[in-house]
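Residue numbers (UniProt numbering): 1 to 332.
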């Protein structure tokens, strides 16, 4: 049934599901406000009489399993407890479970819901990013160091962000050929780009010093700056991938901005405060920026109903082709 709903009908159904889910935490009287719909639906929840809100996430259908979500929450807890990386912690329901599964008559399948604590901070301003990028590089390195040493739980299950699951035969976000405004000329250019990146990534390899558990979505919308500290939210895409992919995600949706090389230098400065970055790694950085760009291009094709895809989609194909031409001039 949900596959036949209009966008407005789907939104109304999810809103109603979110409202009913609040009973799992004894928050029936709380006020609910949608703050974001991207991969999931995210709501600000203001409990009656409380001084601080909490955050409810209603998961997209068929994206993560229950064990996948449990794995995400486990790493978030471990990062805060063991690596000093501030993350929003899940709030168990009345049954002491972090994940609540809730149904709605208009939806074919129930949705998994998680309630998170609210953490202070604000998204970095795009007009003054050098200092935040230094801090982000340092935070990313702490995450990667922890990733290498963390003993994953027995139920661990997360997505992979290798080439095959990004742009290859089993893409998490659908084929890049379904991206917006693609014509035969652009498709031919981007196919050359994808082929060159695939060869370079095969040579680069997936050794444990380069590949492991990553956040996979360090874009500005998922960072909070508070009293000089950078906090990280939304681990929904965390999974197995190249550590340098996290650097690329920091410039998501503005990879073609003139100051990106300067921002990457700032990121590397912060990263090296906590972790080694080799010359060979540095030379491959733009491969990962284009890998991320193309993966987002695929995401826009498979998530055309979201506000993010509608706002960023116009012009994204042309900008991607311009970046591809520059990359191929250097590496192709």
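A virtual CB, placed ideally from N, CA and C, is assigned to each residue, including glycine. The model shown is predicted, which means the values in this text are computed figures rather than measured ones.
Which residue wins for smallest C-alpha separation from residue i, given the options the options?
i	options	result
residue 282	215, 247, 53	247
residue 293	321, 271, 277	321
residue 59	107, 263, 183, 83	107
residue 185	295, 11, 317, 17	317
residue 260	45, 128, 13, 61	128
residue 303	176, 241, 130, 69	176
residue 141	272, 278, 310	272
residue 245	25, 267, 285, 275	285
residue 266	278, 137, 64	137
residue 41	153, 151, 236	236
Within 10 angstroms of the Cβ of residue i, are there 16 or more other Cβ atoms? Answer buried if so, exposed if not.
i	result
residue 133	buried
residue 88	buried
residue 171	buried
residue 295	buried
residue 195	exposed
residue 62	exposed
residue 226	exposed
residue 335	The displayed coordinates of the chain run from 1 to 332. Any statement about residue 335 would go beyond what the structure contains.
residue 249	buried
residue 69	buried
residue 311	exposed
residue 280	exposed
Can you give the Cα-Cα distance for residue i and residue j, rounded to whole angstroms?
i	j	result
residue 123	residue 254	15 Å
residue 31	residue 224	23 Å
residue 257	residue 306	24 Å
residue 355	residue 34	The structure shown does not extend to residue 355, since the chain is modelled only from 1 to 332, so the question has no answer here.
residue 308	residue 238	19 Å
residue 324	residue 47	48 Å
residue 53	residue 29	13 Å
residue 391	residue 80	With the chain running from 1 to 332 in the structure shown, residue 391 is simply not present.
residue 5	residue 56	23 Å
residue 314	residue 180	8 Å
residue 288	residue 174	18 Å
residue 299	residue 85	28 Å
residue 297	residue 78	32 Å
residue 269	residue 262	11 Å
residue 162	residue 207	12 Å
residue 16	residue 156	31 Å
residue 51	residue 217	30 Å
residue 19	residue 147	35 Å
residue 199	residue 210	16 Å
residue 337	residue 214	The requested residue 337 does not occur in the structure, where the chain is confined to residues 1 to 332.
residue 66	residue 103	15 Å
residue 274	residue 13	46 Å
residue 328	residue 93	51 Å
residue 333	residue 23	With the chain running from 1 to 332 in the structure shown, residue 333 is simply not present.
*What alpha helix (DSSP H) runs, 4 residues minimum, are completely inside the segment 247 to 310?*
Those alpha helix (DSSP H) runs which fall completely within the segment 247 to 310 and span 4+ residues are 260 to 271, 279 to 283, 285 to 302.
*Does the segment 214 to 231 come close enough to the segment 94 to 109 that 3 or more CB-CB pairs lie under 8 Å?*
No, because fewer than three Cβ pairs between the segment 94 to 109 and the segment 214 to 231 fall closer than 8 Å, the two stretches do not touch.
*Would you be able to state if there are at least three C-beta pairs under 8 Å between the segment 68 to 75 and the segment 167 to 184?*
They do not touch, by the three-pair rule.
*Report yes or no: do three or more beta-carbon pairs, one from the segment 110 to 123 and one from the segment 187 to 206, lie closer than 8 Å?*
Counting Cβ pairs under 8 Å, fewer than three are found: no touch.
*Residue ranges of each beta strand (DSSP E) within the segment 68 to 101, 3 or longer*: Runs of the beta strand (DSSP E) inside the segment 68 to 101: none found.
*Scan the segment 17 to 65 and note each continuous beta strand (DSSP E) run of 3 residues or more that stays entirely inside, going in chain order.*
Taken in chain order, the unbroken stretches of beta strand (DSSP E) that lie wholly in the segment 17 to 65 and span 3 residues or more are 31 to 37, 41 to 46, 54 to 58.
*Unbroken alpha helix (DSSP H) runs of length 4 or more, entirely within the segment 134 to 207: which are they?*
Taking 4 residues as the shortest admissible run, the segment 134 to 207 contains the following complete alpha helix (DSSP H) segments, listed from N- to C-terminal end: 163 to 166, 184 to 204.
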